[in-house]
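Novice: For the sequence shown, position 359 (counting from the first letter as 1) is numbered 358 according to numbering that gives the first Met the number 0, and the numbering increases by one without interruption.
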Amino acid sequence: MVKKEFPKDFWWGAATSGPQCEGRFNKNHANNFDYLFDTKPELFHDGIGPDTASNFYNSFREDIKMMKEIGMNSLRTSIQWTRLIADFEEATLREDGVRFYNDVIDTCIENGIRPVFALNHFDLPAELEHKYGGWLSKHVIDLYVKFAEQCFVLFSDRVVDWFTFNEPVVVVEGGYMYNFHYPMVVDGKKAMQAAFNLQVASARAIANFRKSNKNSLGKIGIVLNLTPPYPRSDCEADQQASFYANLFKNRLFMDPSALGAYPSELLEILKKDKVMWEASQEEYQVVKENTIDYLGVNFYHPFRVKAPELSSDALACDWFPERYFEHYEMPGRRMNMDRGWEIFPQALYDIGENIKGNYGNLPWFVSENGMGVSREIRWTNAKGVVEDDYRIQFVTEHLYQLHKTIAAGSNCFGYHMWTPIDCWSWLNSYKNRYGFIANDVHTQIKTIKKSGYWFKKVAESDILEVPQEIVDKFMV
Ligand code: BGP
């Protein structure tokens, strides 16, 4: 057994989101996923929608106590635009929404848990999609900034940590290219417009934060799902494909968010392929001037890449970035078969090195990482505790790699698991469970899993015990 010590004041915690934990209780607007479920419930795993989720709206006090019990010192969730705001044009407030988020913040603080908030976690009000075209509309950017300002004014006396968006690239991919998020449009040019508008929305919210924030310690960032590309081989075509994959999967949001500018190679491709977004000089200026203070990195899996099989010059074909790279199914990869994602903890080390080397050693934390397992109830022991040793191994391996990059000088200040309590998950609904705490979705009875007790020990001591076989595995 090897012991690895983490820095003092390290954030040990977990992340969820408003739409995935709260339930739709007492909410008079639908977000895009509420609307999708109302109109096409058959798209959701087992036909289960966001109505109850994990009941956080009603049980947040007990839930937060349980989070304290497993050693969490920080929690990220998101403020639902559709819960806080009454009229989107003027960003007038709903009293119950204000009351609810105030109560959540105060309960976190009472329990010694740092409340960390995202302002958007895929959840656009459905009526803004229908009225204005959602993230394709510049007016929706204005409305998002008004909502953000309300959040800063209401809560920044107690909330220090803010994130403008969670995984904006997923909004682009799911909503405008690959059909897994409402509005389920398939149109590469629109996808790129949405990407730019999301970036401007993030930068303008940051600009607003700089004037509305009431907290001298306050900081603001963005949460990006970085999926480092690994080329199939050293051959030039595979290397090139990897470069392009990095442009579209990571640098599309990372460069403007952290450096204030887009990679020139990306802009050239968009122009050449006639999918360039509409943008004004003022918008580029806002992006340039409002970079993030710190970064949240969601990491689940790497992206293996090979050169595309087909020519990028195909005719009469919709535009997708995949004309420049293709996903590569690497033989011998380690998989989480339930979720269908490769397990490659070494990528966390590479992410840390990348941030250190290419982004000025920006402060960052792991804002999501985790292992979704289906039918997890099968691992429940006689005492009713889920024995999720696989999750303990998964987190140990990732923390081991994280420790390595911190030891090499990367400026990482925390680790958040996805997720504290099993929660609802978009089209996958309750298929895969990720929590340190199990949730019986029929009774809403919550029970700490073996990994929750394990996490408590790590969080309270700042010490990770790494079994020798894990150390040996990463030696090769
Ligand atoms: C991230 C999202 C989360 C969560 C997680 C697990 O991309 O930010 O909201 O859903 O993935 O993914 P899934 O539930 O699809 O297995």
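Every residue, glycine too, gets a C-beta built ideally from N, C-alpha and C.
1. For F195 versus E282, is the C-beta spacing smaller than 9 Å?
2. Name the DSSP beta bridge partners of C316, please?
3. Only counting runs of 4 or more residues, tell me where the alpha helix (DSSP H) segments fall wholly within the segment 289 to 349, in order along the chain.
4. With respect to the beta strand (DSSP E) encompassing R113, which residues constitute its N-terminal and C-terminal limits?
5. Just to confirm, are G12 and R157 a CB contact at a threshold of 9 Å?
6. Contact between the segment 394 to 409 and the segment 338 to 352 is defined here as three or more beta-carbon pairs at a separation below 8 Å; is this criterion met?
7. Less than 8 Å separating the Cβ of N119 from some heavy atom of the ligand MG?
8. Give a single yes or no on whether Y414 has its beta carbon closer than 8 Å to a heavy atom of the ligand BGP.
9. Note the first and the last residue of the continuous alpha helix (DSSP H) segment covering L83.
10. Can you tell me whether DSSP reads F247 as helix, strand or coil?
11. Starting from F364 and walking both ways along the beta strand (DSSP E), at which residues does that stretch end?
12. Rounded to the nearest angstrom, what separates Y433 and K7 at their Cα positions?
13. Can you tell me the Cα-Cα spacing of Y399 and N165, whole angstroms?
14. Does the ligand BGP have even one heavy atom less than 8 Å from the beta-carbon of E464?
15. Tell whether a beta-carbon distance below 9 Å holds between N249 and P228.
16. Is the number of C-beta pairs between the segment 293 to 307 and the segment 328 to 345 that are closer than 8 Å three or more?
17. Take D421 as the anchor and find which of S136, K39, M66, K26 has the nearest alpha-carbon.
18. For S311, which residues from the same chain have a beta carbon less than 7 Å from its beta carbon, with the 5 sequence-adjacent residues on both sides left out?
19. Given a cut-off of 9 Å on the beta-carbon distance, is the pair K430 and G371 in contact?
20. Counting only the same chain and skipping the five closest in sequence on each side, list residues whose C-beta sits under 6 Å from that of P255.
21. Is any non-hydrogen atom of the ligand BGP found closer than 8 Å to the C-beta of N224, if you look at the structure I gave you?
22. Between the Cα of G413 and those of Y452, D105, G295, V384, spot the shortest distance and give me the residue it belongs to.
23. Do D122 and P18 have their beta-carbon atoms positioned less than 9 Å apart in this structure?
24. Below 7 Å CB to CB, which residues in the same chain sit around K189 once its five sequence neighbours on both sides are set aside?
25. DSSP on D439, reduced to helix/strand/coil?
26. Check whether the Cβ of F121 sits closer than 8 Å to any heavy atom of the ligand BGP, and report yes or no.
27. Measuring from the CB of Y299, is there a heavy atom of the ligand BGP at a distance below 8 Å?
28. Looking at Y100 and the ligand BGP, is the gap between the Cβ and the nearest heavy atom below 8 Å?
29. Closest to M183 by CA distance: which of R209, G133, I78 is it?
30. So Y229 is in the beta strand (DSSP E); what residue range does that whole segment cover?
31. Could you pull out every residue in the same chain whose Cβ sits closer than 6 Å to the Cβ of S373, ignoring the five residues on either side in sequence?
Specialist: Inspection of the coordinates gives the following:
1. Within the sequence shown, the letter at position 196 stands for residue 195. Within the sequence shown, the letter at position 283 stands for residue 282. In this structure, E282 lies closer than 9 Å to F195 by Cβ.
2. Within the sequence shown, residue 316 is the residue found at index 317, counting from 1. For C316, no pairing in a beta bridge is given by DSSP.
3. You should have found no qualifying run.
4. If you number the sequence shown from 1, residue 113 lands on position 114. Its beta strand (DSSP E) spans residues 113 to 117.
5. Against the sequence shown, residue 12 aligns to sequence position 13. Against the sequence shown, residue 157 aligns to sequence position 158. At the C-beta level, G12 and R157 stay beyond 9 Å of one another.
6. Enough Cβ pairs lie closer than 8 Å, so yes.
7. This structure simply doesn't include the ligand MG; it includes the ligand BGP instead.
8. Within the sequence shown, the letter at position 415 stands for residue 414. Outside the cutoff, so no.
9. One-based indexing of the sequence shown puts residue 83 at position 84. Its alpha helix (DSSP H) spans residues 80 to 83.
10. Numbered from 1 along the sequence shown, position 248 holds the residue referred to as residue 247. DSSP places F247 in helix when its eight states are reduced to three.
11. The sequence position of residue 364 within the sequence shown is 365, counting from 1. Run containing F364: 363 to 367, per the beta strand (DSSP E) assignment.
12. Position 434 of the sequence shown, counted from the first residue, corresponds to residue 433. Position 8 of the sequence shown, counted from the first residue, corresponds to residue 7. Spanning the two alpha carbons is a distance of roughly 26 Å.
13. Residue mapping note: residue 399 aligns to position 400 of the sequence shown, counting from 1. Residue mapping note: residue 165 aligns to position 166 of the sequence shown, counting from 1. Approximately 25 Å, taken between the alpha carbons.
14. Here residue 464 is taken as the residue at index 465 of the sequence shown, counted from 1. No, the ligand BGP has no heavy atom inside 8 Å of this Cβ.
15. Here residue 249 refers to the residue found at position 250 when the sequence shown is read from its first residue. Here residue 228 refers to the residue found at position 229 when the sequence shown is read from its first residue. Closer than 9 Å, so yes.
16. With the cut-off at 8 Å, the segment 293 to 307 and the segment 328 to 345 touch.
17. Here the question's residue 421 lines up with position 422 in the sequence shown. Closest by alpha carbon: M66.
18. Against the sequence shown, residue 311 aligns to sequence position 312. The beta carbon of S311 is closer than 7 Å to those of R322, Y323 in its chain, skipping five residues each way along the sequence.
19. Counting from 1 along the sequence shown, the entry for residue 430 is found at position 431. Counting from 1 along the sequence shown, the entry for residue 371 is found at position 372. Yes, these two residues count as a Cβ contact at 9 Å.
20. By 1-based counting over the sequence shown, the position of residue 255 is 256. Hits under 6 Å: Q198, Y261, V286.
21. The residue given as residue 224 occupies position 225 in the sequence shown. Because some heavy atom of the ligand BGP lies under 8 Å away, the Cβ of N224 counts as near it: yes.
22. Within the sequence shown, numbered from 1, the residue matching residue 413 stands at position 414. Selection Y452, D105, G295, V384 evaluated against G413 yields G295 as nearest (Cα-Cα).
23. In the sequence shown, counting from the first residue as 1, residue 18 sits at position 19. In the sequence shown, counting from the first residue as 1, residue 122 sits at position 123. Yes, the pair counts as a contact, with Cβ atoms nearer than the cut-off.
24. Along the sequence shown, read from residue 1 onward, the residue named residue 189 stands at position 190. Once the five neighbours on either side are set aside, the close Cβ partners of K189 are L135, Y175.
25. Mapped onto the sequence shown, residue 439 falls at position 440. If DSSP states are grouped into helix, strand and coil, D439 belongs with the strands.
26. Along the sequence shown, read from residue 1 onward, the residue named residue 121 stands at position 122. With a cutoff of 8 Å, F121 counts as near the ligand BGP, since its C-beta is closer than that to a heavy atom of the ligand.
27. Start at 1 with the first residue of the sequence shown, and residue 299 comes out as number 300. Answer for Y299: yes, Cβ within range of the ligand BGP.
28. Translated into positions along the sequence shown, residue 100 becomes position 101. The ligand BGP has no heavy atom closer than 8 Å to the beta-carbon of Y100.
29. The residue labelled residue 183 in the question sits at position 184 within the sequence shown. The option with the nearest alpha carbon to M183 is G133.
30. Counted from its first residue, the sequence shown places residue 229 at position 230. Annotation: the continuous beta strand (DSSP E) that includes Y229 extends over 228 to 230.
31. Taking the first residue of the sequence shown as 1, we reach residue 373 at position 374. If we look at S373 and ignore the five residues flanking it on each side, its Cβ neighbours are D337, K430, N431.
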